[in-house]
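Below is one structure, written out as structure tokens, with a few remarks after it.
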Amino acid sequence: MNVTVPMPNLSLVVPEILMVILACGLLLVDLFIPKDRKRVVGYIALAGVVVVGVVTAAFWGKMAQPATTFSGTFVLDRFALFFKEVFLFTTGITILISLKYLEIEKVSLGEYYALMLFCTLGMMIMVSGADLIVIYLGIETMALSVYVLAGFMKFDHKCTEAALKYFLLGVFISGILLYGITLIYAATGSTQLAQVAAVIKEKGLAKNPLLVLAMFMLAAGLGLEIAMAPFHFWAPDVYEGAPTPITAFISVAPKAAAFAALVRIFYHGIQLLEPQWQILLWIICAVTMTIGNVTALMQQNVKRMLAYSSVAHAGYILLGVLAANQVGVQGIAFYFFAYAFMNMGAFGLVIYLRRENIVGDDIDDFKGLAQTHPLLAVIMVVFLLSLAGIPPTAGFVGKFLLFAAAIKAGFYWLVALAALNSVVALFYYFRIAKAMYMQSPEPLPQLSPGRGLVLALVVVGVFTLFFGIYPQPLMSLAKDTAHTFMMFLS
Amino acid sequence: MIPLSHIIIFSLIIFTIGMVGALSRRNVFIVLMSIELMLNAVNIALIGVSSAMGNLIGQVLAIFIITVAAGEAAVGLAIVVALYRNRLTVNVDAINLLKW
Amino acid sequence: MKDAYWPLILVLLLAVGFGVVAVLMSTLLGPKKPDPIKLSPYECGVDPVGDARMPFFVHYYVVALLFLIFDIEVVFTYPWAVYFKKLGLFGLLEMVVFIAVFLAIFIYVWGRGALEWE
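First to last, the sequence lines map onto chains A, B and C.
Take the working numbering: the final residue in the first sequence is number 478, and no numbers are missing along the way.
Take the working numbering: the final residue in the second sequence is number 108, and no numbers are missing along the way.
Take the working numbering: the final residue in the third sequence is number 116, and no numbers are missing along the way.
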């Protein structure tokens, strides 16, 4: 067999290369930093993430047209850039809220930040993958780091248990995902999305049972990270057991990455199977949001409640995938930024309440917060309003876009169900607000948050409100994203 | 020459054995071994398809899977050891602090 | 096509047959005068102490894991070696980067003291 290796265009992977250097360098730097000053590693990681974020943003103007490198297996378009910014933003905020938390939990180790960067690297590769192999490698780079992070407090029983559950399920599902990739390869002779699409079109394979089965398997594989039903069972357990900053991270970044990969595979790779995957996603979408919201009603633990709420949010975002139009992709992109703000904020509040002997994740821990810390209670209400999708918050705009996309595509019943679900969601978000405003406080030890946490809360709080009142800037970015992404199809 | 369908069916059989094992066994180590079996079934199918198609993509993916499987095994065993030190058990059913 | 396998099967039969015959002959024909020294695992060595199935020093486990990872990664050098000439300078640089990442991880492992034996 004749093999020619064209020199790849490395300029398109500069953010990823920087990330590798940063993560590996951090591991080495960590060796020379004494045990009680591991915060420095966090600061370096944060600075590095900001640099990579700026470098990534610099590509935006040049990428009006998608560009591929590494023989078409790696694509850089505005869709990928937008999601990379979501990941980098989430990582930055997570590092900020971790600084103090790790010291309270007595697991302040430099590897934490390095793993987080490796995880971000995996997600960045995932959204840029134009080949199923690259997407798979991205998933694994991300997942293997997240498993370790989820079990980072290795002396905590719940934490190691959460990590084991996440690991076993994740590895199991990745096996199924791989078989899906193999079936696509067997049916079309390629794993590159563009070639797969071309072969399906050329040979008229749109009803090939092998491909339909492969579609199910791919949806299952990515559905685990998305936490969509019926693969949501791990979410509450892992969210409760994992260190809270990691919970916040898992609830946003891997979900966004899996959604981006799902959208890319389904729109660019097997879009001719649209009738089949629309039926599949319709059912999953309806079940996911209903299960998420109804189960969240019964939770006493705030982390678990937010876990189920994130399952429900995955359901809303699936509306955008299902719509398969430009507004849908715009909605997904916008929603993930909004979701990053509000969910990081809500989990940040849980970390704020962490003090000696109290995890701060029980609803009772929120009792009377409005009296003892009025400002904190107001910020929490902003996040809750945004999660519930009530104006003037970013969550409302995102939800509006998703619903509009689904209506445009003709999914009236599903939108009605989603609206009904949003009403149900109000109840459990309101429970936290009720605990804060209508119940009297218990005598509390003084809360002593780190400066990083306060900064992070202020940033995400301001963004949640700002992009709710004045969404145009983010909206137009999301629109450009969707535009270049859908260009591929025509 | 062995027909491709035989290889695919063979790999599906092994994949199913691994899947059933992963879902039904209670010892974490056996679950891990079953999952490795699933990955190896995928490898068999990939190599078979690759040789039938006459291109190398399947072999490339198989090599990646081998390395990723090693990484998964390392991470998985590390988590199991951490859990064992806390709980002194490797039985999946006994790992039930988190529910509902 | 099928004929090509006959020599292999013949060799297989020969090998198995020789093994079986050799073991059978020695058990049937050989004289048996057992005594404690002959029955010990190492007739002319150190006396074995205790059971082999005892808990291992946990350090073996870390070393085994590290070995597993570093060992498996070598698989990537096989395809590289096969096409070494055709890949040219680019292939060489690629492998240098690959090894460099490995070196970084190795230094990390070393620095964390995972390779020290006490």
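Glycine included, every Cβ here is placed at the ideal spot set by N, Cα and C.
Cα-Cα separation, residue i to residue j
i	j	result
PHE454 (chain A)	PHE70 (chain A)	19 Å
GLY438 (chain A)	LEU465 (chain A)	33 Å
ASN281 (chain A)	MET27 (chain B)	31 Å
LEU206 (chain A)	THR75 (chain B)	21 Å
LEU20 (chain B)	LEU156 (chain A)	21 Å
ALA421 (chain A)	PHE18 (chain B)	57 Å
LEU31 (chain B)	ILE38 (chain B)	10 Å
TRP265 (chain A)	ILE70 (chain C)	37 Å
ALA77 (chain B)	GLU213 (chain A)	19 Å
TRP270 (chain A)	ALA312 (chain A)	12 Å
PHE74 (chain C)	ILE71 (chain B)	7 Å
ILE378 (chain A)	TYR124 (chain A)	37 Å
VAL446 (chain A)	HIS256 (chain A)	38 Å
ILE7 (chain C)	GLY15 (chain C)	12 Å
MET(-11) (chain A)	TYR81 (chain C)	Legend: pLDDT at MET(-11) (chain A) = 49, less than 50; position of this residue unreliable, value from coordinates given subsequently. Whole-angstrom Cα-Cα distance: 11 Å.
GLY117 (chain A)	TYR3 (chain C)	45 Å
LEU268 (chain A)	VAL275 (chain A)	11 Å
PRO54 (chain A)	MET475 (chain A)	9 Å
ARG343 (chain A)	HIS57 (chain C)	36 Å
GLU262 (chain A)	SER(-1) (chain A)	34 Å
ALA175 (chain A)	LEU198 (chain A)	7 Å
VAL543 (chain A)	PHE254 (chain A)	Lying before the first or after the last residue shown, residue 543 (chain A) is absent from chain A, which here runs from -11 to 478.
ALA186 (chain A)	ALA300 (chain A)	35 Å
THR57 (chain A)	THR452 (chain A)	36 Å
PRO117 (chain C)	LEU63 (chain C)	Because chain C in this structure spans residues -1 to 116, residue 117 (chain C) falls outside the shown range and cannot be described.
THR129 (chain A)	VAL317 (chain A)	25 Å
CB contact below 8 Å: residue i versus chain A
i	result
GLY29 (chain B)	no
ASN94 (chain B)	yes
PHE37 (chain B)	no
PHE18 (chain B)	no
MET46 (chain B)	yes
MET9 (chain B)	no
MET124 (chain B)	Limits of chain B in this structure are 9 at one end and 108 at the other, which puts residue 124 (chain B) out of reach.
Residue-chain proximity (residue i, chain B), Cβ-Cβ < 8 Å
i	result
ILE121 (chain A)	yes
PHE104 (chain C)	no
LEU66 (chain C)	yes
THR235 (chain A)	no
TYR58 (chain C)	no
ALA295 (chain A)	no
GLU149 (chain A)	yes
Cutoff 8 Å: residue i Cβ touching any chain C Cβ
i	result
LEU(-2) (chain A)	no
THR381 (chain A)	no
ILE15 (chain B)	no
LEU84 (chain A)	no
MET538 (chain A)	Any property of residue 538 (chain A) remains undetermined from this structure, which presents chain A solely from -11 to 478.
Bounding residues of the alpha helix (DSSP H) (the contiguous stretch that carries residue i)
i	result
VAL98 (chain B)	Element bounds for VAL98 (chain B): n/a, residue is neither H nor E.
CYS12 (chain A)	2 to 19
HIS220 (chain A)	No alpha helix (DSSP H) holds HIS220 (chain A); DSSP gives it neither H nor E.
ASN331 (chain A)	314 to 340
ARG292 (chain A)	290 to 311
ASN51 (chain B)	36 to 61
ARG439 (chain A)	439 to 457
ASP24 (chain A)	That residue, ASP24 (chain A), is in no alpha helix (DSSP H); it is neither H nor E in DSSP.
TRP48 (chain A)	First-last for TRP48 (chain A): undefined, no H or E at that position.
Endpoints, beta strand (DSSP E) assigned at residue i
i	result
ALA55 (chain A)	55 to 57
VAL63 (chain A)	62 to 64
Residue i: CB within 7 Å of a non-hydrogen atom of the ligand HEM
i	result
TRP265 (chain A)	Of the ligands one can find in the structure shown there are none, so the ligand HEM has no counterpart to examine.
Min CB distance residue i to chain F below 8 Å
i	result
CYS107 (chain A)	In the structure shown, chain F does not exist; the protein chains are A, B and C.
- Contact between the segment 58 to 68 of chain A and the segment 102 to 110 of chain A (3+ Cβ pairs under 8 Å): Contact between the segment 58 to 68 of chain A and the segment 102 to 110 of chain A is absent: fewer than three C-beta pairs spanning the two stretches fall below 8 Å.
- Item | Cβ contact (3+ pairs, closer than 8 Å) linking the segment 142 to 162 of chain A and the segment 74 to 87 of chain A | No, because fewer than three Cβ pairs between the segment 142 to 162 of chain A and the segment 74 to 87 of chain A fall closer than 8 Å, the two stretches do not touch.
- Of the residues that make up the segment 76 to 92 of chain B, which ones have a beta carbon closer than 9 Å to any beta carbon in chain C? Cβ contacts with chain C: ALA77, ALA78, GLY79, ALA81, ALA82, LEU85, ALA86 and VAL89.
- Query: Should the segment 219 to 233 of chain A be called in touch with the segment 135 to 143 of chain A, which here means at least 3 C-beta pairs below 8 Å?
  - Reply: Short answer: they touch.
- Message: Does the segment 11 to 23 of chain A come into contact with the segment 99 to 107 of chain C, if we say contact requires no fewer than three beta-carbon pairs (one atom in each stretch) closer than 8 Å?
- Response: Touching, yes, given that three or more Cβ pairs across the two stretches are closer than 8 Å.
- Would the segment 195 to 204 of chain A and the segment 91 to 99 of chain B be scored as touching if the rule is three or more Cβ pairs under 8 Å? Because the criterion of three Cβ pairs below 8 Å is not met, the segment 195 to 204 of chain A and the segment 91 to 99 of chain B do not touch.
- Of the residues that make up the segment 151 to 163 of chain A, which ones have a beta carbon closer than 7 Å to any beta carbon in chain B? Hits within the stretch, in order: ALA151, LEU152, PHE155, LEU156, VAL159, PHE160 and GLY163.
- Query: What residues in the segment 69 to 86 of chain C have a beta carbon less than 9 Å from any beta carbon of chain B?
  - Reply: Identification of residues in the segment 69 to 86 of chain C having a C-beta nearer than 9 Å to some C-beta of chain B yields ASP69, ILE70, GLU71, VAL73, PHE74, TYR76 and PRO77, given in sequence order.
- Message: What are the residues in the segment 179 to 196 of chain A lying within 7 Å of chain B by C-beta distance?
- Response: Listed in sequence order: THR179.
- Query: Hey, is the segment 34 to 48 of chain B in contact with the segment 348 to 365 of chain A, meaning 3+ C-beta pairs nearer than 8 Å?
  - Reply: Too few Cβ pairs lie closer than 8 Å, so no.
- Item | Near-chain B residues of the segment 0 to 11 of chain C - C-beta to any C-beta below 9 Å | Answer in chain order: no residues at all.
- Item | Residues of the segment 86 to 101 of chain C with Cβ closer than 7 Å to any Cβ of chain B, in chain order | Residues of the segment 86 to 101 of chain C with a Cβ closer than 7 Å to any Cβ of chain B: none.
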